[in-house]
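Everything in the sequence shown is counted per the numbering used here, starting at 47 for the first residue and increasing by one.
Glycine included, every Cβ here is placed at the ideal spot set by N, Cα and C.
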Amino acid sequence: MSDRTKREQSIELLQQLGLKEYEARCFVALCRLPSGTAKQISEISEVPRTRIYDAIRVLEAKGLVEVQHASPKQFRAVSVEEAATTLREDFADRTDDLLQELRGLEPATSEDGADVSHEVWSLSGETAIGTRTLELLDDAEEEVVIVVGHPGVLTEELLDALEDGQNDGVDVIVGTLTEEIRERVQTDLPDAETFVTGLEWLNESMDDTGDDTVISRLLLVDRRAILVSTLHETASGAPADEKAIFGTGFTNGLVVVARRLMATGLGSSADPGLSL
């Protein structure tokens, strides 16, 4: 990766963290200098000199730049570690403010006022699906059944959430594709019921196009919420793309069938929820 590419990526990331383009360019330029004047910053950053002072004032107010009142004025960036901490805290504060405002919104009134008996939604992206999985686990009160179809799903956050559920009295049942993964789960969750799933087709390609789309996770919480995700990996080795559907309010018959399917491979004597 060229140095220019690194600079442009740094500028783009700074913009994603709330800086405007000229502010980001000035900060990246100062990171390459022990200190600099407005003229030097303009030359390196490709920011018009008439805009340098406005950008620097913002960076100074954010605690990212220090100013020496000499003639001419000298500017320097704080250390990258200090800048990262400052930006992280600012981003966290903004996220907290956003959360508070969103929670304070008044619900819109439905025009037809109809009640929805069940809902099915879709979700994309490993981060979003992982977060939704953790939220569903956090809401569990009686039972969690999860089948891990891809080893990448079994994160430390997921294991911690399952352990928290156990500590709260939730029955946890975990199915895995291999004995090796089952042993890992059993080591981290010794009180959970674990088994090697009989659903061998979970890790088989679902199409004949040369791409691999496999079931990555199956989750059933309290026999009311279901999440199913798939992982799509191309033959070229491109990054995996995870997609999911999840829903609540299904009929009892569908939930019973889903649970029986997910528990394939778990002996009836080991099933804590067989009589539920």
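Asked: Cβ shell of A323 (< 6 Å), same chain only, five flanking positions each side left out; Found: Since the first residue of the chain shown is 47 and the last is 322, residue 323 is not available in this structure.
Asked: Where E69 falls, given that 16 or more other Cβ within 10 Å makes a residue buried; Found: buried
Asked: Three-state secondary structure assigned by DSSP to T51; Found: helix
Asked: Contacting residues, own chain, Cβ-Cβ under 8 Å from L144 (five flanking each side not counted); Found: none
Asked: Inter-residue Cα distance where the pair is E202 and I90; Found: 43 Å
Asked: Under the three-state DSSP convention, the category A207 falls into; Found: helix
Asked: Assigned exposure category for V126 - 16 Cβ within 10 Å defines buried; Found: exposed
Asked: C-beta atoms of A186 and D268 nearer than 7 Å; Found: yes
Asked: Any 3 or more C-beta pairs closer than 8 Å across the stretch 187-202 and the stretch 219-228; Found: yes
Asked: Three-state secondary structure (DSSP) of K66; Found: coil
Asked: As assigned by DSSP and simplified to three states, the class of R78; Found: coil
Asked: Residue(s) in a DSSP beta bridge with L200; Found: Bridge partners of L200: none, in fact.
Asked: Three-state class that DSSP yields for T141 in the structure shown; Found: helix
Asked: Own chain residues within Cβ distance below 6 Å of D210, not counting five before or after; Found: none
Asked: Whole-angstrom distance between I87 and V162, CA atom to CA atom; Found: For V162, the predicted structure reports a pLDDT of 49, less than 50, and the residue's modelled location is therefore unreliable. A value from the coordinates is still provided. If I take the Cα positions, the gap works out to 59 Å.
Asked: Nearest candidate by alpha-carbon position, reference K119, set K108, R103, T131, R134; Found: R103
Asked: Delimiting residues of the beta strand (DSSP E) encompassing G222; Found: For the sequence presented, residue 222 should be read as Thr rather than Gly. Residues 217-222.
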